[in-house]
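These notes concern the structure reproduced below.
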Ligand SMILES: [Zn+2]
């Protein structure tokens with residue numbers, strides 16, 4: 008692990024700690040006075056984790072798609088085709104996400120293909 012990765016890990020740990028504190032404050036406000044059942048703590052905490060997962064997946068997929076922008080040869084005819092990012096809804100294990108992926112379309116063959124495939 009290099010120095011930059013260490014800094015990123017520390018930044019993530021800091022931000023997660025802040026997010027956990029804010030999420031706990033929101034729970035406390037919503038639950039009011041009294042002792043909540045543990046389910047009332049666990050379930051909303053898990054939902055926050057799923058939201059974070061959805062955001063990471065969407066951000067990372069967009070970054071990868073943008074790196075693949077440019078030109079690519081059609082696997083059938085070899086014609087250079089422009090690679091463009093497209094968006095679609097996907098159901099991830101943590102819920103729906105807006106996924107950005109790179110797709111190229113060959114007008115000659117009338118087919119689309121994915122540069123990552
Ligand atoms: Zn083609």
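Numbering (the numbering used here), first residue to last: 8 to 124. Even for Gly, the Cβ is constructed at its ideal location relative to N, Cα and C.
Just reading off the alpha helix (DSSP H) that residue i is part of, what are its end residues?
i, result
"residue 53", "45-74"
"residue 36", "10-38"
Less than 6 Å between the CB of residue i and some heavy atom of ligand 1, yes or no?
i, result
"residue 80", "no"
"residue 36", "no"
"residue 89", "no"
"residue 117", "no"
Is the Cβ of residue i closer than 7 Å to any Cβ of chain C?
i, result
"residue 35", "Checking the listed chains, one finds no chain C in this structure; it contains a single protein chain."
Quick check on the DSSP output: the beta strand (DSSP E) that includes residue i runs from which residue to which?
i, result
"residue 115", "Where residue 115 is concerned, there is no enclosing beta strand (DSSP E), given that its DSSP letter is neither H nor E."
"residue 77", "77-80"
"residue 92", "87-99"
Short of 7 Å in beta carbon distance, which residues of its chain neighbour residue i, apart from the five on each side in sequence? Order them along the chain.
i, result
"residue 104", "61, 64, 65, 97"
"residue 101", "57, 60, 61"
"residue 73", "92"
"residue 77", "90"
Starting from the C-beta of residue i, find all residues in its chain whose C-beta is less than 6 Å away, skip the five residues before and the five after it, and write them out in chain order.
i, result
"residue 115", "84, 86"
"residue 23", "none"
Ordered along the chain, which non-local residues of its own chain (more than five positions away) have a Cβ less than 8 Å from that of residue i?
i, result
"residue 121", "108, 109, 110, 111"
"residue 4", "Absent from the structure is residue 4, since the part of the chain shown begins at 8 and ends at 124."
"residue 99", "60, 61, 64"
(request) Report yes or no: do the region 62-76 and the region 25-37 share at least 3 C-beta pairs separated by less than 8 Å? (result) As far as the Cβ criterion goes, the region 62-76 does not touch the region 25-37, which means the pair count is below three.
(request) Evaluate the contact criterion for the region 83-96 versus the region 43-56: three or more CB pairs, one atom per stretch, below 8 Å. (result) Too few Cβ pairs lie closer than 8 Å, so no.
(request) Determine, using beta-carbon pairs with one atom in the region 12-24 and one in the region 36-50, whether at least three such pairs fall under 8 Å. (result) At 8 Å Cβ cutoff, the stretches do not touch.
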